[in-house]
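Visitor: Numbering of the sequence shown is given in the working numbering, commencing with residue 2 and proceeding in unit increments. No residue lacks a Cβ here, since even glycine has one placed at the ideal position from N, Cα and C. Predicted model only: the values in this text are computed from it and were never measured.
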Amino acid sequence: MKILLTLAFLLFHLSSFAQEKNSRVVKVLSFNILHGATTKGDFDLDAIAKVIIEANPDFVALQEVDYKTKRAKGYDLVTELGWRAKLAPLFARAMPYDGGEYGEGVLSRYTFLQTRNVPLPYTPGNEPRAALEITTILPSGDTIAFIGTHLDHLKEDTDRIQQAKEINKVFSNNRYPTILAGDLNGEPESTPISILEQIWTPSYDNKNPAFTFPSDNPIKKIDYVMYYPQNKWRVLKKEVIADSIASDHCAYLVTLELIK
2 MKILLTLAFL LFHLSSFAQE KNSRVVKVLS FNILHGATTK GDFDLDAIAK
52 VIIEANPDFV ALQEVDYKTK RAKGYDLVTE LGWRAKLAPL FARAMPYDGG
102 EYGEGVLSRY TFLQTRNVPL PYTPGNEPRA ALEITTILPS GDTIAFIGTH
152 LDHLKEDTDR IQQAKEINKV FSNNRYPTIL AGDLNGEPES TPISILEQIW
202 TPSYDNKNPA FTFPSDNPIK KIDYVMYYPQ NKWRVLKKEV IADSIASDHC
252 AYLVTLELIK
């Protein structure tokens, strides 16, 4: 009897391992980290890492990422967070800033096959923006692309419109199924989001858009996870993670399944 129970236990775990190995399910987190400052202004990377670790994502798009700036005390934020969360880090510069650099970050559970930092159009005098793309292979053997970005924050949406158009132009013919995540600084009915939705399928429901800002009382949706092409992905779950200390943005977690 003991041998049978042990065999059943082993078979169960081998089956679970096989399912995990062949899984096409990915958890994606978009998180604007307020350059590590936290809403208390005390620069607490552990508080930010805690949100990421508890979400247990496969891919993370980080916005407002400092690289060795004075305000970030000389830290490489994406590497620090990747080390804490046990995820591979990658930084993409959007602009030089405060003795260092400022831009996008990506964390990944899986190895980078290729990476690309795409500068986005902007009006001179405004903040430069970028889109950071990685390609990687899932445990199932499928290759996918993941893009993290942060669109212009100003009230006037001129730059956001041009940036949305550029993202569509550059990435719409991707060879692999692709996920786009980031702080897009526009609500669902805005023109830049409508432009993106010409190519990308949003993970949210218009009846329940999942508000993400501000973190202490979310009343707006400006953080997104989208995917392309529509027939290659299925949304399994979405969740807003509100931590009013870690950042002024909620983290947005979406579980997607790649359809074979």
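Using three-state DSSP, classify Gly-142 as helix, strand or coil.
Guide: coil
Visitor: At which residues does the alpha helix (DSSP H) containing Gly-83 begin and terminate?
Guide: 78-86
Visitor: Which residue from Lys-238, Glu-190, Leu-63 puts its Cα closest to that of Ala-95?
Guide: Leu-63
Visitor: Grab the span of the beta strand (DSSP E) containing Ser-109 for me, first residue to last.
Guide: Where Ser-109 is concerned, the enclosing beta strand (DSSP E) stretches over 101-109.
Visitor: Quick one: what's His-151 bridged to in DSSP?
Guide: Asp-184
Visitor: Within this structure, are the beta carbons of Thr-80 and Ser-109 separated by less than 8 Å?
Guide: Taking a C-beta distance under 8 Å as the contact criterion, Thr-80 and Ser-109 do not qualify as a contact pair.
Visitor: What is the residue span of the beta strand (DSSP E) that Asp-1 lies within?
Guide: Look at the range of the chain in this structure, 2 to 261, and you will see that residue 1 is not part of it.
Visitor: For Ser-248, count neighbouring Cβ atoms within 10 angstroms of its own Cβ and tell me buried if that reaches 16, exposed if not.
Guide: Here Ser-248 is buried, its C-beta having at least 16 other C-beta atoms within 10 Å.
Visitor: State the beta-bridge partners of Asp-43 as determined by DSSP.
Guide: According to DSSP, Asp-43 bridges with nothing at all.
Visitor: Taking the beta strand (DSSP E) that Glu-167 belongs to, which residues open and close that run?
Guide: Taken as a continuous stretch (DSSP letters only), Glu-167 belongs to no beta strand (DSSP E), being part of the alpha helix (DSSP H) at 159-172.
Visitor: If we call anything under 8 Å between Cβ atoms a contact, is Leu-30 one with Leu-254?
Guide: yes
Visitor: From the DSSP output, in three-state form, read off Ser-191 for me.
Guide: Ser-191 falls in the coil class under three-state DSSP.
Visitor: Thinking Arg-117 and Glu-134 are a contact (beta carbons under 8 Å), I'd like their distance in whole angstroms, please.
Guide: 4 Å
Visitor: Return helix, strand or coil for Ala-95, following the three-state DSSP convention.
Guide: strand
Visitor: Look at the alpha carbon of Asp-99 and the alpha carbon of Glu-105, and state the distance between them as a whole number of angstroms.
Guide: 16 Å
Visitor: Counting C-beta neighbours from all protein chains within 10 Å, is the total for Leu-155 16 or more, i.e. buried, or is it exposed?
Guide: exposed
Visitor: Does DSSP put Leu-197 in a helix, a strand or coil?
Guide: helix
Visitor: Just to check my reading of the structure: Asn-127 and Asp-153 have Cβ atoms closer than 8 Å, yes? What is that Cβ distance to the nearest angstrom?
Guide: 6 Å
Visitor: So what's Leu-121 in DSSP terms, helix, strand or just coil?
Guide: The three-state reading of DSSP puts Leu-121 in strand, counting E and B together.
Visitor: Taking all protein chains shown into account, do 16 or more other C-beta atoms lie within 10 angstroms of the C-beta of Glu-190, making it buried, or fewer, making it exposed?
Guide: With fewer than 16 Cβ atoms within 10 Å of its Cβ, Glu-190 is classed as exposed.
Visitor: Ala-182 and Gly-142 - do their beta-carbons sit closer together than 8 Å?
Guide: no
Visitor: Looking at the secondary structure, which residues open and close the beta strand (DSSP E) in which Asn-33 lies?
Guide: Unbroken beta strand (DSSP E) run through Asn-33: 26-33.
Visitor: Determine the closest residue to Arg-25 out of Pro-178, Ile-194, Met-227, with distance taken between C-alpha atoms.
Guide: Pro-178
Visitor: In chain order, what residues of the same chain have a beta carbon less than 6 Å from the beta carbon of Asn-169, not counting five sequence neighbours either side?
Guide: Ile-200
Visitor: What is the C-beta distance between Phe-113 and Leu-91, in whole angstroms, given that I count them as a contact (C-beta under 8 Å)?
Guide: About 7 Å separates the beta carbon of Phe-113 from that of Leu-91, a gap short enough to meet the 8 Å contact definition.
Visitor: In chain order, what residues of the same chain lie with their CB nearer than 8 Å to the CB of Lys-69, ignoring the 5 residues before and after it?
Guide: Gly-75, Tyr-76, Asp-77, Gly-100, Gly-101, Glu-102
Visitor: Using 8 Å as the threshold, is the C-beta distance between Thr-213 and Lys-28 below it?
Guide: With contacts defined by Cβ atoms closer than 8 Å, Thr-213 and Lys-28 do not form a contacting pair.
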